[in-house]
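Numbering (the numbering used here), first residue to last: 2 to 375. Even for Gly, the Cβ is constructed at its ideal location relative to N, Cα and C.
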Ligand SMILES: Cc1ncc(COP(=O)(O)O)c(C=O)c1O
């Protein structure tokens with residue numbers, strides 16, 4: 002019987018796609034799903050009602066294409082970004098269907114055939130996959146054994162590979178580690194010393210960080226891009242709304258590749274409604290940060306090696322027994338809790354859930370520990 006892979010490979014694919022698998026975290030129907038770094042809290046009812054109202058208004062005009070430049074939404078996103086004191090204008094903001102699309106647009110503009118992008122791995126696997134999808138050569142840069150970026154080794158990698166695009170994920174997924182501003186500045190300067198290079202700081206999880214956003218670094222750095230999303234802190238993964246902040250010239254350049262009317266009127270209306278409820282949603286973020294810190298301390302107390310986390314998830318291990326991390330993943334799954342095996346040797350990643358979900362997870366790993374020490 003032919004497999005999906007055989008059927009795909011029978012097609013006249015671009016050679017770099019041959020034999021490759023698509024991105025896909027398992028979507029299993031289990032009681033506790035802590036594997037895709039979603040926000041566990043459903044949107045509050047007053048926000049659901051406001052979305053319905055805004056979408057109803059938008060529906061009256063669905064015979065027309067949406068605002069191609071999403072001006073109202075970009076203005077609201079700029080106001081949100083400016084909350085912490087660094088002023089960002091609507092002309093510095095661009096929005097798309099998830100930050101994945103933002104990253105794709107950036108690679109379509111600044112990457113492509115004959116160009117190269119680098120990220121420091123383990124990191125968000127889609128950076129490499131989107132690079133491949135845009136025919137951009139991908140290089141996996143180094144990290145230390147404790148998963149932080151070794152600035153000296155990273156600078157050396159930039160000198161060797163001369164990238165056109167550099168990805169720095171802070172806080173990093175799947176490890177949870179934040180990158181300090183000195184490291185970002187050192188990499189920005191080192192990359193620029195070789196050639197004009199776009200440095201993308203992926204801040205998908207920044208609202209959960211102990212450290213502040215790196216947005217103020219945009220000042221006088223025309224090739225720095227900060228990418229953000231409403232999928233995590235705003236609890237709106239299903240909305241598909243990502244955005245970037247950068248020099249207005251970068252925003253203008255992205256127009257060269259964006260599809261006309263890429264952001265539907267329904268998406269724009271829903272995102273605007275969610276932004277009206279920013280304070281409530283950021284209240285959930287505070288609860289999740291406290292629960293994340295509880296996961297870190299309880300896992301540590303159980304004797305796991307835990308990577309310090311600035312995100313809404315925690316990487317833990319080390320599983321070096323028979324079957325490694327995958328066997329531990331299976332043990333936890335058999336107790337009704339789905340976590341993520343990202344392929345980092347000996348480690349698993351758990352997203353922060355509600356207190357009850359976290360308790361269920363901790364109960365499962367307590368059993369795992371007991372069985373191993375028995
Ligand atoms: C580091 C990082 N960047 C970007 C994304 C993509 O987010 P979005 O839902 O906005 O496409 C994710 C999703 O998990 C992520 O972990």
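Got a sec: does ligand 1 put a non-hydrogen atom nearer than 7 Å to the Cβ of residue i?
i	result
residue 342	no
residue 308	no
residue 311	no
residue 170	yes
residue 118	no
residue 142	no
residue 64	no
residue 36	no
residue 149	no
residue 24	no
residue 96	no
residue 243	yes
residue 83	no
Could you spell out where the alpha helix (DSSP H) holding residue i opens and where it closes?
i	result
residue 183	182-195
residue 69	Premise fails: residue 69 is in no alpha helix (DSSP H) and is neither H nor E.
residue 253	249-255
residue 268	266-277
residue 138	Unbroken run through residue 138 is the beta strand (DSSP E), 138-142; no alpha helix (DSSP H).
residue 148	Careful: residue 148 lies outside any alpha helix (DSSP H) and carries neither H nor E.
residue 325	325-335
residue 349	Per DSSP, residue 349 belongs to no alpha helix (DSSP H); it is in the beta strand (DSSP E), 348-352.
residue 111	99-111
residue 91	Note, residue 91: premise wrong, no alpha helix (DSSP H); not H, not E.
Are residue i and residue j closer than 8 Å when you measure CB to CB?
i	j	result
residue 175	residue 350	yes
residue 340	residue 36	yes
residue 142	residue 160	no
residue 212	residue 179	yes
residue 315	residue 348	no
residue 332	residue 94	no
residue 255	residue 215	no
residue 304	residue 370	yes
residue 236	residue 101	no
residue 300	residue 353	no
residue 265	residue 177	no
residue 330	residue 321	no
residue 91	residue 72	yes
residue 222	residue 189	yes
residue 112	residue 166	yes
residue 232	residue 103	no
residue 208	residue 234	yes
residue 168	residue 201	yes
residue 96	residue 242	yes
residue 124	residue 24	no
If residue i sits next to residue j, beta carbons under 8 Å apart, how far is it from one beta carbon to the other, in whole angstroms?
i	j	result
residue 182	residue 225	Actually they do not touch by this definition, with Cβ atoms about 11 Å apart.
residue 164	residue 119	4 Å
residue 33	residue 358	5 Å
Output the boundary residues of the beta strand (DSSP E) element that contains residue i.
i	result
residue 228	225-230
residue 56	Element bounds for residue 56: not the beta strand (DSSP E) but the alpha helix (DSSP H), 46-60.
residue 28	Taken as a continuous stretch (DSSP letters only), residue 28 belongs to no beta strand (DSSP E), as it is neither H nor E.
residue 384	Any question about residue 384 goes unanswered here, given that the chain covers just 2 to 375.
Sufficient close CB pairs (3 or more, under 8 Å) joining the stretch 7-22 to the stretch 122-142: yes
At least 3 beta-carbon pairs within less than 8 Å: the stretch 316-336 vs the stretch 361-372: yes
Inter-stretch contact at 8 Å, needing at least 3 Cβ pairs: the stretch 123-133 / the stretch 282-294: no
Cβ pair count under 8 Å reaching 3, the stretch 71-85 against the stretch 266-279: yes
Segment contact flag, the stretch 49-64 with the stretch 269-276, C-beta cutoff 8 Å, min 3 pairs: yes
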